[in-house]
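Before any comments, here is the structure.
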Amino acid sequence: MLLAYKTALASPRIRASAIEATEFPTLADAMDVWAVPRVVVNGVPQWDGAVPERVFLDRILAPAFE
Amino acid sequence: MPIFGTEEEEKVRELLDALERPVELLVAHGPEEMPLAGARDVDFGDETQRIVEELAALSDRVTYRVETEPEGFERYPAIAVLPDGVDVGIRYYGLPWGYELGSLILGVVEAGKRESTLRPESIERLATLQHDLSIDVFVTPT
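These protein sequence lines map, in sequence, to chains A and B. FYI, in the working numbering the residues of the first sequence are 6 to 71. FYI, in the working numbering the residues of the second sequence are 181 to 322.
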């Protein structure tokens, strides 16, 4: 979670939200949340679990999101 | 009942002492989704506000305000973390309790730093970003 917040602080292009899954079950269902943390980029589920900073950057900066 | 025990309070105070700039927390109230059965015993909005009030009481650099359905929020309750009072797109949706209270506090600490703690190469890579990104991280309190 902290990495997402750090990227939002470092880039005006990035917004980062933590979403408490049990409180928003409809959205969590729509995003197929069954393990946390589940990371969703631009509304599309991507991966579960914490990853190192370099890997996090690799994934969010992937060409698929351009 | 207070949110923090005496020892916890001391730790949080120490963390918040490191803030190099003011951080404002905006508590956003609005219509809440009906959660799982039984969970209605908790008023999520009220509890969220209470946590933020207690956090703000632990540091001169942390302030808060409360609004109903402000612009820029998708669900409620929510907290926006505003470094220097500026909305940089950081949100916490839901009641930050248990483990996730720690995430929120670390988010406030991070927002209170003037320099990013990301590695220099990461900052360089983010500077090349030409499009907007929205990162949602689903979490649970335990």
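We put the beta carbon where it would ideally sit given N, CA and C, even for glycine. A quick note: this is a predicted structure, and the numbers were derived from the prediction, not measured.
Asked: Nearest to residue 70/A by CA position, among 39/A, 33/A and 47/A, is which residue?; Found: 47/A
Asked: For residue 2/A, return the contacting residues in chain B, with the cut-off set at a CB-CB distance below 9 Å.; Found: Since the first and last residues shown for chain A are 6 and 71, residue 2/A lies out of range.
Asked: Taking the beta carbon of residue 274/B as the centre, do at least 16 other beta carbons fall within 10 Å, making it buried, or is it exposed?; Found: buried
Asked: Assuming residue 281/B is part of the alpha helix (DSSP H), what are its boundary residues?; Found: 279–291
Asked: Where do the N-terminal and C-terminal ends of the beta strand (DSSP E) with residue 256/B fall, by residue?; Found: Unbroken run through residue 256/B: none, as it is neither H nor E.
Asked: Please work out which residues of its chain come closer than 7 Å, Cβ to Cβ, to residue 9/A, disregarding the five sequence neighbours upstream and downstream, and give them in chain order.; Found: 21
Asked: Let me check one thing: in DSSP terms, what residues is residue 207/B bridge-paired to?; Found: 246/B and 259/B
Asked: Please report the straight-line C-alpha distance between residue 201/B and residue 12/A, rounded to a whole angstrom.; Found: 18 Å
Asked: Measuring alpha carbon to alpha carbon, tell me which residue in 303/B, 244/B and 320/B is nearest residue 16/A.; Found: 303/B
Asked: Under a CB-based cut-off of 8 Å, is residue 321/B close to chain A?; Found: yes
Asked: Using a Cβ cut-off of 8 Å (strictly closer), state whether residue 41/A contacts chain B.; Found: yes
Asked: Is the shortest distance between the beta-carbon of residue 38/A and the beta-carbons of chain B less than 8 Å?; Found: yes
Asked: List the residues of chain B that residue 69/A touches, going by C-beta distances under 8 Å, in chain order.; Found: Those within 8 Å of residue 69/A in chain B number zero; the least Cβ separation is about 11 Å.
Asked: Along the alpha helix (DSSP H) that carries residue 236/B, what are the first and last residues, could you check?; Found: 224–237
Asked: Determine whether the Cβ of residue 35/A lies closer than 8 Å to any Cβ atom of chain B.; Found: no
Asked: For residue 258/B, tell me which candidate among 242/B, 276/B and 241/B has the shortest Cα-Cα distance.; Found: 276/B
Asked: Can you give me the start and stop residues for the alpha helix (DSSP H) that residue 25/A sits inside?; Found: Premise fails: residue 25/A lies in the beta strand (DSSP E), 19–25, not in any alpha helix (DSSP H).
Asked: Counting contacts by CB-CB distance shorter than 8 Å, is residue 209/B in contact with chain A?; Found: no
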